[in-house]
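These notes concern the structure reproduced below.
In UniProt numbering, the protein residues as written are 1 to 300.
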């Protein structure tokens, strides 16, 4: 089905998914505005919209509306759309968009990806922890991973240094499948040391991002990435985390999305176990073995 879009100069026919991609690449709409328009297009796939109506749906103010009207007709935006049509794109309107992500907190209207989307149909376990993760995380992951892989569990993490990198590498070493959700464009590698790992996951697993090509790492990208990670999993396990760690924020996002949260208990005197022990005290299930993880994924 096609969406009939009318702008101030000419009528343009485009697929709703293409229209949503253009919105995503156009500065000024914002995530909430994108989702309002995505929901409108889902309910009215043959809708007729002009730019003024578009801005009204997104609830933009006068200054934002003027900015969007100028950007919408720019050759730079048209070029960006053509460029991104050459890579794999998954929109909120696509049947392949995971329903459990669609129902999570502020789901991304558009995702760019490399790899196998079918991995999202398997049980997905998020593994997160400290960037300064110790050998304790590595030992725990090595102990858990054979049983997880044997039960076709797909791991997901954020391709950061430390626990994320360990999670991806341990999965691959056990001949399992892993998903990386990154906070940059698909053509940007951060941290740089993970370039080969990211390329390997893109070939053997799945790399996802909501950020357009060329997007560099920005501080606010990583909390935004974490909401996607939490939305894509059925359960989340924290291996090591300090008090007020970013991993605890991700765990909270998972809880808000009604995902099961586990934590690996640690020594009381270890700073990197404080966050995990706090999660357990607050009601998270202790991850003492792979069986705990498999039960929370409803596999056994």
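Backbone N, C-alpha and C fix where the C-beta goes; we use that ideal spot for every residue, glycine too.
Identify, in the order they occur along the chain, each residue of the same chain with its Cβ nearer than 6 Å to the Cβ of residue 91, setting aside the five sequence neighbours on each side.
Along the chain shown, read from residue 1 onward, the residue named residue 91 stands at position 91. So the qualifying residues of the chain are 17, 20 and 110.
Just checking my contact of residue 225 with residue 271 at CB under 8 Å: how many whole Å lie between their CB atoms?
For the purposes of this step, residue 225 is identified with residue 225 of the chain shown, where counting begins at 1. For the purposes of this step, residue 271 is identified with residue 271 of the chain shown, where counting begins at 1. Contact doesn't hold; Cβ gap of about 25 Å is too wide.
Output needed for residue 195: all residues of its chain with C-beta closer than 8 Å, excluding positions within five of it in sequence on either side, in chain order.
On the chain shown, residue 195 is found 195 positions in, with the first residue counted as 1. Excluding residues within five positions, the ones whose Cβ falls inside 8 Å are 189.
So, are the CB atoms of residue 237 and residue 208 less than 8 Å apart?
Taking the first residue of the chain shown as 1, we reach residue 237 at position 237. Taking the first residue of the chain shown as 1, we reach residue 208 at position 208. Cβ distance not < 8 Å, so residue 237 and residue 208 don't count as in contact.
Are the CB atoms of residue 129 and residue 162 within a distance shorter than 8 Å?
Counting from one through the chain shown, the residue named residue 162 turns up at place 162. Counting from one through the chain shown, the residue named residue 129 turns up at place 129. Yes, the pair counts as a contact, with Cβ atoms nearer than the cut-off.
Neighbour-count burial assignment, residue 32, 16 or more Cβ in a 10 Å radius
Taking the first residue of the chain shown as position 1, residue 32 is located at position 32. Its Cβ having fewer than 16 others within 10 Å, residue 32 is exposed.
Three-state secondary structure (DSSP) of residue 247:
As a working mapping, residue 247 is identified with position 247 in the chain shown. Note: residue 247 maps to helix in three-state DSSP.
Could you check what DSSP says for residue 148 in three-state terms: helix, strand or coil?
Looking up residue 148 in the chain shown gives position 148. Three-state DSSP puts residue 148 in a helix.
The region 169-177 contacting the region 196-207, beta-carbon criterion three pairs below 8 Å
These segments touch.
Can the beta-carbon of residue 93 be found less than 8 Å from the beta-carbon of residue 42?
Residue mapping note: residue 93 aligns to position 93 of the chain shown, counting from 1. Residue mapping note: residue 42 aligns to position 42 of the chain shown, counting from 1. Yes, the Cβ-Cβ distance between residue 93 and residue 42 is below 8 Å.
Under the three-state DSSP convention, the category residue 265 falls into:
In the chain shown, counting from the first residue as 1, residue 265 sits at position 265. If DSSP states are grouped into helix, strand and coil, residue 265 belongs with coil.
Return the bridge partner residues of residue 88 from the DSSP annotation.
As a working note, residue 88 is residue 88 in the chain shown. For residue 88, which the question treats as bridged, DSSP gives the partners 113.
Leaving aside the five residues before and after residue 206 along the sequence, list all residues of the same chain whose C-beta is less than 7 Å from its C-beta, in chain order.
Along the chain shown, one-based indexing puts residue 206 at 206. If we look at residue 206 and ignore the five residues flanking it on each side, its Cβ neighbours are 113, 115, 116, 117, 119 and 179.
How would you label residue 177, buried or exposed, when you count the other beta carbons within 10 angstroms and need 16 or more for buried?
As a first step, residue 177 must be located in the chain shown, where it is residue number 177. That one is buried.
Using the Cα positions of residue 11 and residue 86, report the straight-line distance between them to the nearest angstrom.
Here residue 11 refers to the residue found at position 11 of the chain shown. Here residue 86 refers to the residue found at position 86 of the chain shown. For residue 11, the predicted structure reports a pLDDT of 43, less than 50, and the residue's modelled location is therefore unreliable. The matter cannot be settled from this model.
For the 8 Å Cβ check, are there 3 or more pairs between the region 142-153 and the region 282-298?
These segments touch.
How far does the alpha helix (DSSP H) with residue 203 in it extend, from its first residue to its last?
Position 203 of the chain shown holds residue 203. Start and end: 195-204.
Between residue 159 and residue 168, what straight-line distance do the alpha-carbon atoms span, to the nearest angstrom?
As a working note, residue 159 is residue 159 in the chain shown. As a working note, residue 168 is residue 168 in the chain shown. Going by the C-alpha atoms only, they are around 7 Å apart.
Considering just the uninterrupted stretch of the alpha helix (DSSP H) at residue 178, what are its terminal residues?
Numbered from 1 along the chain shown, position 178 holds the residue referred to as residue 178. Taken as a continuous stretch (DSSP letters only), residue 178 belongs to no alpha helix (DSSP H), being part of the beta strand (DSSP E) at 178-181.
Going by Cα to Cα distance, which pick from 151, 251, 215 and 240 is closest to residue 228?
Taking the first residue of the chain shown as 1, we reach residue 228 at position 228. Of 151, 251, 215 and 240, the residue nearest in Cα terms is 251.
Go through its chain and collect everything with a Cβ distance to residue 308's Cβ below 6 Å, but skip five positions before and after it.
As shown, the chain starts at 1 and ends at 300. That puts residue 308 outside it, with no answer to give.
CB-CB length for residue 68 against residue 36, believed under 8 Å
Residue 68 sits at position 68 when you count from the first residue of the chain shown. Residue 36 sits at position 36 when you count from the first residue of the chain shown. With 8 Å as the limit, residue 68 and residue 36 do not qualify as a contact, their Cβ atoms being about 14 Å apart.
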